[in-house]
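Notes for the one structure printed next.
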């Protein structure tokens, strides 16, 4: 390969790298601008999507499935603080209805004057 060919290859490689950086920066800005005004439930779905995609990829390719299963998702905001959007439980809800009843009563602030379960 002559010097001219090597110079052309280097020039083209440099152009490709610069173009890639410009596209990457524009895409990043567009995504940042978009998510800035997204509703919180949509942000939660967007946060979960890469995990789901990675899990699916690992299932269909050769190798160990290191990502998958139930995913916990929460949103943190100035106005509402930490809020679970999706949370896995380590026990079957139908076998632990008392737990979920207590959680629901607590989240309602006992506005219905509910009495705690007797044990």
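In the working numbering, the protein residues as written are 559 to 677. Heads up, the beta-carbon is just placed ideally off N, CA and C, and yes, glycines get one too.
- Of the candidates 608, 599, 566 and 616, the residue whose Cα lies closest to the Cα of residue 638 is 599.
- Membership of residue 631 in the beta strand (DSSP E) is indicated by the continuous run 631-635.
- Apart from sequence neighbours up to five positions away, the residues of its chain that approach residue 609 with a beta-carbon distance below 6 Å are 629, ordered along the chain.
- In the displayed model, residue 639 falls within a strand according to three-state DSSP.
- Across the set 660, 659, 626 and 656, the C-alpha of 626 shows the shortest separation from the C-alpha of residue 646.
- Counting only residues of its own chain and dropping the five nearest sequence neighbours on each side, residue 595 has no CB closer than 7 Å to any other CB.
- Each of 649, 601 and 567 was checked against the Cα of residue 642, and the nearest Cα belongs to 601.
- The residues 640, 641, 642 and 643, in chain order, have a CB closer than 7 Å to that of residue 632 in the same chain once the five nearest residues on each side in sequence are set aside.
- Here DSSP, grouped into helix, strand and coil, assigns residue 646 to coil.
- In this structure, residue 658 sits away from residue 650, with a CB-CB distance that is not shorter than 8 Å.
- Annotation: the continuous alpha helix (DSSP H) that includes residue 570 extends over 561-594.
- Per DSSP, residue 599 is one residue of the alpha helix (DSSP H) stretching across 598-618.
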